[in-house]
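Number of protein chains: 2
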Amino acid sequence: MREELPGRPCSVAAALNLVGEKWSLLAVREIGFGNRRFDQIARNTGAPRDRLTARLRTLESAGVIERRQYSQRPPRYEYQLTEAGRELRTVLQALRAWGDKWAVSSPATVFTHSCGHDVDPAMICRHCGAELAAEDLTPHVLAPGWSREGPS
Amino acid sequence: MREELPGRPCSVAAALNLVGEKWSLLAVREIGFGNRRFDQIARNTGAPRDRLTARLRTLESAGVIERRQYSQRPPRYEYQLTEAGRELRTVLQALRAWGDKWAVSSPATVFTHSCGHDVDPAMICRHCGAELAAEDLTPHVLAPGWSREGPS
DNA sequence: ATACGTCGGTTGCAAAATCAAACTCGCTAC
DNA sequence: GTAGCGAGTTTGATTTTGCAACCGACGTAT
Chain A
19 MREELPGRPC SVAAALNLVG EKWSLLAVRE IGFGNRRFDQ IARNTGAPRD RLTARLRTLE
79 SAGVIERRQY SQRPPRYEYQ LTEAGRELRT VLQALRAWGD KWAVSSPATV FTHSCGHDVD
139 PAMICRHCGA ELAAEDLTPH VLAPGWSREG PS
Chain B
19 MREELPGRPC SVAAALNLVG EKWSLLAVRE IGFGNRRFDQ IARNTGAPRD RLTARLRTLE
79 SAGVIERRQY SQRPPRYEYQ LTEAGRELRT VLQALRAWGD KWAVSSPATV FTHSCGHDVD
139 PAMICRHCGA ELAAEDLTPH VLAPGWSREG PS
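Chains as they are written, first to last, in our numbering: chain A, 19 to 170; chain B, 19 to 170.
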């Protein structure tokens, strides 16, 4: 199942290999909204139906969603997120926050947090609680032969 | 510049429209590592050179990276992240964290935070400081005609 | 001065992915 | 009976991708 990816060995690349195809993350977004049926997902993402079929299958075999038959005759199916799929929520929130700031003029969806406020998401370091800034991070490449700069 | 996207109006879709093509985020990752030259980026991402050329151009016109000539003769160029590009780091960290957990057996890169620990990134609500959990978020769709479920 | 290597790309082409629209199959509602 | 729904498949045209080879302007070693 684990493919050989080109370039630097990297969890980002591995993640994109599973959920980086066109429409995949939007399908996860919709299923996360509670829209479990094929036609809803197709309408709300705008994905062509054949592409959506293909994406739902790869997401399923990647363990991100589950397909459940809810009617025998006629056969009908619905989709739901697995634990892995639910945890993609952080990725979607990060993308949404970035898109709100850099890709749209005004946000189309806001989230109310149980604290009562609209969510303003931030990334922190769990150890010290500080918000992550670019300058505070030093990467350490563990893969042999790959430094930050590249193969030797 | 702002295209008409299909499906639900959404910052996630808008963000993916700018940085969701194949190789784009990996190119941003490399430039963020300080690898500013075309050949380095090509080697370290594994992207075909012609695709990389195309991606770097769209990332440039999306305002995520800048292209700078560093030598007149012979003409040589390098790339660097803009503010928008640097802020994609949160997306990359979220993807990396997810990939570490669900897509690889062991992480290939860790980041040391200035607090001295390896980074264990988490998403929090800036208002109350609590870590974001799926159940605590209620989406409000602002776009007219689009509820969570879809167009009416 | 001739050859060789580097850098940042182009070019040409075949294979694969994408798209919109129409079609299917098994039912249920009117 | 005929209309519609749900979850896709099929069709055929259009795009995008991947790969390999090539290029031009230079620096460097022989």
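Just so you know, even glycine gets a beta-carbon here, dropped at the ideal spot from N, CA and C.
- In terms of beta-carbon proximity, E48(A) lines the interface with chain B, with at least one pair separated by less than 9 Å.
- Per DSSP, S89(B) lies in no alpha helix (DSSP H) segment; the continuous beta strand (DSSP E) that holds it begins and ends at I83 to S89.
- In terms of beta-carbon proximity, L77(A) stays away from the interface with chain B, with every pair separated by 9 Å or more.
- Annotated as distal: T100(B) and V122(B), with beta-carbon spacing of 9 Å or more.
- Contact between the region 129-142 of chain B and the region 147-155 of chain A is present, with at least three C-beta pairs closer than 8 Å.
- The C-alpha of W164(A) lies about 7 Å from the C-alpha of S170(A).
- Under DSSP, the beta-bridge partners assigned to P157(B) are F129(A).
- Around the C-beta of S79(A), fewer than 16 other C-beta atoms lie within 10 Å, and the residue is accordingly described as exposed.
- Neighbours of S89(A) in chain B, taken as residues at a C-beta separation under 9 Å, are lacking, since the least C-beta distance is about 20 Å.
- Using a Cβ-Cβ cut-off of 9 Å, P92(A) does not count as an interface residue toward chain B, since no Cβ of chain B sits closer than that to its own.
- A140(B) and R107(A) have their alpha carbons spaced roughly 12 Å apart.
- Leaving aside the five residues that flank E48(B) on each side, the residues in its chain whose CB is nearer than 8 Å to its CB run, in chain order, Q58, I59, N62 and T63.
- The closest CA to that of W120(A), considering only Y88(B), G25(B), V30(B) and E39(B), is found on V30(B).
- In this structure, L44(A) lies away from P125(B), with their beta-carbon atoms at least 9 Å apart.
- Per DSSP, the continuous beta strand (DSSP E) segment holding E96(B) begins and ends at R94 to L99.
- Separation of R75(B) and Q111(A) (C-alpha to C-alpha, rounded to the nearest whole angstrom) is 26 Å.
- Remark: C-beta atoms of C28(A) and V137(B) do not approach each other more closely than 9 Å.
- In the three-state DSSP reduction, E39(A) falls in the coil class, being neither helix nor strand.
- Beyond the five residues adjoining it in sequence on each side, E39(A) comes within less than 8 Å, by CB distance, of R73 and T76 in the same chain, given in chain order.
- DSSP, reduced to helix, strand and coil, places A151(B) outside both helices and strands of the structure shown, so it counts as coil.
- In this structure, the straight-line span from the alpha carbon of G168(A) to that of V46(B) is close to 15 Å.
- Ranked by Cα distance from Q98(B), the options N53(B), R166(B) and T127(B) are led by N53(B).
- Separation of R166(A) and F51(B) (C-alpha to C-alpha, rounded to the nearest whole angstrom) is 6 Å.
- Among the residues facing chain A, R67(B) is not included, as its CB has no counterpart in that chain under 9 Å away.
- Against chain B, the CB of F51(A) has a partner CB under 9 Å away; the residue lies at that interface.
- Around the beta carbon of G147(A), fewer than 16 other beta carbons lie within 10 angstroms, which makes this residue exposed.
- With the criterion set as a beta carbon lying under 9 Å from some beta carbon of chain B, the members of the region 134-147 of chain A are G134, H135, D136, V137, D138, P139, A140, M141, I142, C143, R144, H145, C146 and G147, in sequence order.
- Comparing C-alpha distances from N35(A) to each of V128(B), H145(B), R85(B) and W116(B) shows the shortest one belongs to W116(B).
- If you check the CB distance, R69(A) and A33(B) do not come in under 9 Å.
- In this chain, the alpha helix (DSSP H) harbouring A60(B) covers F56 to T63.
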